[in-house]
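Colleague: Please find one structure pasted underneath; my questions will follow.
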Amino acid sequence: MTRPRIDRELVLHVAKLASLSLSEREVDRFAAELGRIVAYVEHLDALDTRDVPATAHVQLDQAAWREDEVRPGLSREEALSQAPRVEADGFAVPAFVE
Amino acid sequence: MLEDLGVTQIAAKVHDGELSAEQVAAEALGRIAAFDGDLHAFLHVAGAGALEQAREIDRRRSRGDKLGILAGVPVAIKDAICTRSLPTTAGSKILARYVPPYDATVIERLRAADAVIVGKTNMDEFAMGSSTENSAFGPAKNPWDTTRTPGGSSGGSAAAVAARMAPCSLGSDTGGSIRQPASLTGTVGIKPTYGRVSRFGLIAFASSLDQIGPFATDVRGAARVLSVIAGHDPRDSTSLAIPTGDFEAACGRSVRGVRVGVPDEYFAEGLDAEVSESVRAALRELEAEGCTVTPVQLPHTSFAVATYYVLATAEASSNLARFDGVRYGLRVDPANLPGSSRAEARDLRAMYGATRDAGFGDEVKRRILLGTFALSAGYYDAYYLKAQKVRTLVRRDFDRAFDQVDVICSPASPTTAFRLGEKVDDPLSMYLNDVYTLPASLAGIPAMSLPCAPTRAGLPVGLHVMARPFEETTMLAVAAAWEARSPARSLRPPMAQPTTSPAD
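Quick mapping for you: the protein sequence lines, in order, are chains A and B.
One point on numbering: in my numbering, the residue at position 77 of the first sequence is 77, and numbering is uninterrupted.
One point on numbering: in my numbering, the residue at position 283 of the second sequence is 283, and numbering is uninterrupted.
In structure tokens, the structure reads:
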């Protein structure tokens with residue numbers, strides 16, 4: 001397949017997906033660094049994996065099941081204790097609807 | 001005292017009343033105060049809290065209560081592991097003021113075994129790195145040579161044990177973050193089988209790879225800490241209900257007839273000649289102990305670094321999405337940034353972006369970008385799915401090798417500790433430093449590093465021992481057999497010279 005060019009445009013697109021506001025300088029630097037790393041990763045193409053199943057996780061076939069029961073968790077006070085901003089007993093976020 | 005005593009000896013002496021837990025804790029805190037200015041192994045020292053915890057253990061002993069198997073043993077905790085009422089930063093500015101409202105399961109278990117938590121250790125931000133130079137709070141130093149790195153990401157936990165500021169510590173290992181620093185600091189470090197230890201309360205980096213494990217000054221000490229933290233936890237669905245076996249009893253078991261495999265691919269280009277010779281010498285000694293040593297092949301070894309950096313960054317990009325300035329950690333309001341408009345100030349996404357740009361360091365951003373790229377529409381199959389398939393090939397390599405041998409031995413790191421600053425400008429060369437530890441992480445098998453003969457310059461070298469899933473006991477038996485013969489056994493960095501003769 002054709003390989004992507006890791007340029008400013010692609011870095012800005014990916015940064016937007018990842019909710020990162022990068023400075024102009026960062027965009028240029030990451031484009032260069034990611035280009036080198038992605039080029040290195042592409043040596044995986046040397047392997048024929050058409051008939052190989054993917055591994056998402058190891059040993060999960062041996063995982064234990066448990067009942068789905070309600071159990072005590074953090075109190076509201078504890079859960080809110082580390083929030084940068086709290087309003088009306090909840091996490092406060094900037095308004096995003098008019 | 002801490003120069004001379006390991007985990008099991010301290011626990012025995014506190015148990016017998018020969019030492020009080022308070023004395024031991026005070027000595028650990030004293031050594032931290034004396035040496036951490038140079039080493040920066042700690043991000044937070046528990047101080048008064050540790051002494052109070054120790055006095056409570058002493059009170060319970062004087063009342064005649066039965067103490068746990070880590071009675072009075074000081075333990076240092078990697079700052080990625082949540083500790084109630086003790087700061088937990090994961091080495092990141094974004095969590096600089098975070099104080100978790102709960103303990104990780106491993107912390108609950110340590111406390112229940114009467115261990116004393118002396119502090120939180122320095123690390124690469126979110127465990128992303130191999131030198132602790134990615135810590136937002138400045139690097140840790142190697143006790144053997146403070147111009148060098150202790151390795152990473154659990155470098156602070158390794159340095160703390162090497163300098164005998166604590167006889168044991170906890171780290172986390174995603175691609176080698178326990179084993180590589182253990183190798184570079186001359187300590188024992190274990191990455192258990194994936195699923196052996198609960199990850200509840202470990203700040204997640206790559207969930208299919210992360211595993212908490214111990215560092216200690218000796219194999220038996222590491223085995224005891226592992227026995228305390230291992231076991232099923234209903235709060236982590238990936239922790240498995242597999243019997244743990246007697247890890248400590250395995251240390252000292254005969255290794256006669258144990259088949260040791262030596263992968264040709266691990267003794268290839270890039271391996272330092274002195275490291276190679278030190279590891280080969282250890283293998284000859286294991287042969288003298290009755291092991292059979294044979295070559296094995298792990299043909300996909302050279303693909304592990306690329307596979308790992310796709311999978312780990314993909315998982316990280318998803319895990320680190322939780323740092324959004326809302327529920328915990330840093331928040332940066334664009335309204336307070338110069339040149340922002342009123343509209344931006346009210347924009348939720350602008351708040352996310354500004355918070356994450358200010359809170360994350362370069363390596364974390366680099367990995368979030370790489371991982372997001374590998375998972376994004378159009379590239380998912382070519383990068384993420386491809387890497388998952390190669391992960392299967394790496395696992396099959398180990399399955400085949402373990403048909404022929406019981407353990408696999410190699411160097412833990414291709415070189416000894418490198419100088420601070422040497423690799424910071426080249427992310428790829430830093431990644432390649434993990435070439436020997438990454439395959440075991442991808443396969444989910446248990447692996448550990450323990451000291452073998454140092455180089456002529458006096459820097460530690462680590463022997464890497466890998467075993468089949470859940471066969472930590474076989475791995476520990478081989479490690480302990482080598483340790484008993486290792487010339488590194490009595491070696492200490494300058495600030496931790498023994499105060500008594502070895503015969504005592």
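Beta carbons: idealized from backbone N, C-alpha and C, even for Gly.
Note down, in chain order, all residues in the segment 28 to 53 of chain A with a beta-carbon under 7 Å from any beta-carbon belonging to chain B.
Modeller: Under the 7 Å Cβ criterion, the segment 28 to 53 of chain A contributes F30, E33, L34, R36, I37, Y40, V41, H43, L44, L47, T49, V52 and P53.
Colleague: Just confirm the distance between the C-beta atoms of B/S410 and B/V279, as a whole number of angstroms; I'd bet it's less than 8 Å.
Modeller: By one-based count along the second sequence, residue 410 of chain B stands at place 410. By one-based count along the second sequence, residue 279 of chain B stands at place 279. 7 Å between Cβ atoms; contact.
Colleague: Please name the residue in B/A90, B/P167 and B/L110 whose C-alpha comes closest to that of B/G152.
Modeller: The residue labelled residue 152 of chain B in the question sits at position 152 within the second sequence. B/G152 has its Cα closest to that of B/A90, out of B/A90, B/P167 and B/L110.
Colleague: Using C-beta distances below 6 Å, list every residue in its chain close to B/A481, excluding the 5 sequence neighbours before and after it, in chain order.
Modeller: Numbered from its first residue, the second sequence carries residue 481 of chain B at position 481. Result list for B/A481: V255 and E289, in chain order.
Colleague: Would you mind giving the Cβ-Cβ distance between B/R395 and A/T55, rounded to the nearest angstrom? I have them listed as a contact below 8 Å.
Modeller: Numbered from its first residue, the second sequence carries residue 395 of chain B at position 395. Numbered from its first residue, the first sequence carries residue 55 of chain A at position 55. At roughly 6 Å, the Cβ-Cβ gap stays under 8 Å, so B/R395 and A/T55 are in contact.
Colleague: Counting pairs of Cβ atoms below 8 Å between the segment 414 to 433 of chain B and the segment 59 to 76 of chain A, do you hit three or more?
Modeller: The segment 414 to 433 of chain B vs the segment 59 to 76 of chain A: no contact.
Colleague: Should B/V326 go down as buried or exposed, given a rule of 16 or more other Cβ atoms within 10 Å for buried?
Modeller: Looking up residue 326 of chain B in the second sequence gives position 326. Result: buried.
Colleague: Can you check which of these residues, B/I242, B/Q180 and B/T8, is closest to B/V75 by C-alpha distance?
Modeller: Against the second sequence, residue 75 of chain B aligns to sequence position 75. For B/V75, the nearest C-alpha among the options comes from B/T8.
Colleague: Quick one: grab the DSSP three-state call for B/G119.
Modeller: Residue numbering aside, residue 119 of chain B sits at position 119 when the second sequence is read from its first letter. B/G119 falls in the strand class under three-state DSSP.
Colleague: To be precise: take each residue of the segment 68 to 98 of chain B, compare its Cβ to all Cβ atoms of chain A, and keep it if any distance is under 7 Å. Which residues remain?
Modeller: Within the segment 68 to 98 of chain B, the qualifying residues are Y98.
Colleague: Do B/V405 and B/R284 have their CB atoms nearer than 7 Å?
Modeller: Locating residue 405 of chain B in the second sequence gives position 405, counting from the first residue. Locating residue 284 of chain B in the second sequence gives position 284, counting from the first residue. Taking 7 Å as the Cβ cut-off, B/V405 and B/R284 do not qualify as a contacting pair.
Colleague: State the start and end residues of the unbroken beta strand (DSSP E) segment that holds B/G189.
Modeller: Position 189 of the second sequence, counted from the first residue, corresponds to residue 189 of chain B. Per DSSP, B/G189 belongs to the beta strand (DSSP E) from V188 to K191.
Colleague: Just the chain B side, please: which residues come within less than 9 Å of A/A64 by C-beta, in chain order?
Modeller: The residue labelled residue 64 of chain A in the question sits at position 64 within the first sequence. Correct list: H232, P234, S237, S239, L240 and A241.
Colleague: Applying the 10 Å Cβ sphere with the 16-neighbour rule, what's the burial state of A/R50?
Modeller: Along the first sequence, read from residue 1 onward, the residue named residue 50 of chain A stands at position 50. A/R50 comes out exposed.
Colleague: From the DSSP output, read off the bridge partner residues of B/T294.
Modeller: Position 294 of the second sequence holds residue 294 of chain B. According to DSSP, B/T294 bridges with B/G261.
Colleague: So for A/H13, helix, strand or coil by DSSP?
Modeller: For the purposes of this step, residue 13 of chain A is taken as the residue at position 13 of the first sequence. Residue state, collapsed to three classes: helix.
Colleague: Closest to B/V332 by C-alpha separation, out of B/L95, B/G458, B/H44 and B/E22, would be which residue?
Modeller: One-based indexing of the second sequence puts residue 332 of chain B at position 332. Of the listed residues, the one whose Cα sits closest to B/V332 is B/L95.
Colleague: Apart from the five residues on each side of it in sequence, which residues of its chain come closer than 7 Å, Cβ to Cβ, to B/A314?
Modeller: The sequence position of residue 314 of chain B within the second sequence is 314, counting from 1. These residues qualify, in order along the chain: G371, A374, L375 and Y384.
Colleague: In the structure shown, what three-state DSSP assignment does A/R5 receive?
Modeller: Reading the first sequence from its first residue, position 5 is the one you call residue 5 of chain A. Reduced to three states, the DSSP call for A/R5 is coil.
Colleague: What is the DSSP secondary structure of B/R59, counted as helix, strand or coil?
Modeller: Here residue 59 of chain B refers to the residue found at position 59 when the second sequence is read from its first residue. In the structure shown, B/R59 sits in a helix (DSSP, three-state: H, G or I).
Colleague: Can you tell me whether DSSP reads B/E471 as helix, strand or coil?
Modeller: Indexing the second sequence from 1 puts residue 471 of chain B at position 471. Three-state DSSP puts B/E471 in coil, outside helix and strand.
Colleague: Indicate whether at least one CB of chain B lies closer than 7 Å to the CB of A/P72.
Modeller: Within the first sequence, numbered from 1, the residue matching residue 72 of chain A stands at position 72. Taking Cβ atoms only, chain B never reaches closer than 7 Å to A/P72, which makes this a no.
Colleague: Quick check: the Cα distance between B/C291 and B/D264, rounded to an integer number of angstroms?
Modeller: As a position in the second sequence, residue 291 of chain B is number 291, starting the count at 1. As a position in the second sequence, residue 264 of chain B is number 264, starting the count at 1. Cα-Cα distance, rounded: 18 Å.
Colleague: At the 7 Å Cβ level, is A/A18 part of the contact set with chain B, yes or no?
Modeller: As a working mapping, residue 18 of chain A is identified with position 18 in the first sequence. Chain B, which has a Cβ nearer than 7 Å to the Cβ of A/A18, makes this yes.
Colleague: For A/A88, go through chain B and note every residue whose CB falls closer than 7 Å to its CB, in chain order.
Modeller: Position 88 of the first sequence, counted from the first residue, corresponds to residue 88 of chain A. Going along chain B, no residue has its Cβ under 7 Å from A/A88, so there is no contact; the nearest lies around 15 Å.
Colleague: Excluding sequence positions up to five away, which residues of its chain have a Cβ less than 6 Å from the Cβ of B/R196?
Modeller: Against the second sequence, residue 196 of chain B aligns to sequence position 196. Within the same chain, B/R196 has close Cβ partners A230.
Colleague: Within the same chain, show all residues whose beta-carbon is closer than 6 Å to that of B/V275, passing over the 5 residues directly before and after it, in chain order.
Modeller: Indexing the second sequence from 1 puts residue 275 of chain B at position 275. So the list reads P411 and V461, once near-sequence residues are dropped.
Colleague: Is the separation between the beta-carbon of B/R235 and that of B/A496 shorter than 7 Å?
Modeller: Within the second sequence, the letter at position 235 stands for residue 235 of chain B. Within the second sequence, the letter at position 496 stands for residue 496 of chain B. Cβ distance not < 7 Å, so B/R235 and B/A496 don't count as in contact.
Colleague: DSSP three-state label for B/D173, please.
Modeller: In the second sequence, the residue the question calls residue 173 of chain B occupies position 173. In the structure shown, B/D173 sits in a strand (DSSP, three-state: E or B).
Colleague: Would you call the segment 186 to 195 of chain B and the segment 64 to 72 of chain B touching, i.e. three or more CB-CB distances under 8 Å?
Modeller: No, they do not touch.
Colleague: Since B/K141 is in the beta strand (DSSP E), which residue starts that stretch and which ends it?
Modeller: Residue numbering aside, residue 141 of chain B sits at position 141 when the second sequence is read from its first letter. Per DSSP, B/K141 belongs to no beta strand (DSSP E) and is neither H nor E.
Colleague: Is it buried or exposed, B/K13, if we count other Cβ atoms within 10 angstroms and call 16 or more buried?
Modeller: Start at 1 with the first residue of the second sequence, and residue 13 of chain B comes out as number 13. With 16 or more Cβ atoms within 10 Å of its Cβ, B/K13 is classed as buried.
Colleague: In the DSSP assignment, the beta strand (DSSP E) including B/F42 goes from what residue to what residue?
Modeller: The residue you call residue 42 of chain B lines up with position 42 of the second sequence. Start and end: F42 to V45.
Colleague: Counting only Cβ pairs nearer than 8 Å, list the residues of chain A close to B/D347.
Modeller: Along the second sequence, read from residue 1 onward, the residue named residue 347 of chain B stands at position 347. Per Cβ cutoff of 8 Å: P94 and F96.
Colleague: Select from the segment 371 to 392 of chain B all residues with a C-beta closer than 7 Å to any C-beta belonging to chain A, and list them in chain order.
Modeller: Flagged, chain order: T372, F373, S376, Y379, A382, Y383, L385, K386, A387, Q388, K389, V390, R391 and T392.
Colleague: Kindly confirm or deny that the segment 239 to 251 of chain B and the segment 464 to 479 of chain B touch, where touching means at least three C-beta pairs closer than 8 Å.
Modeller: Result yes; three or more Cβ-Cβ pairs closer than 8 Å.
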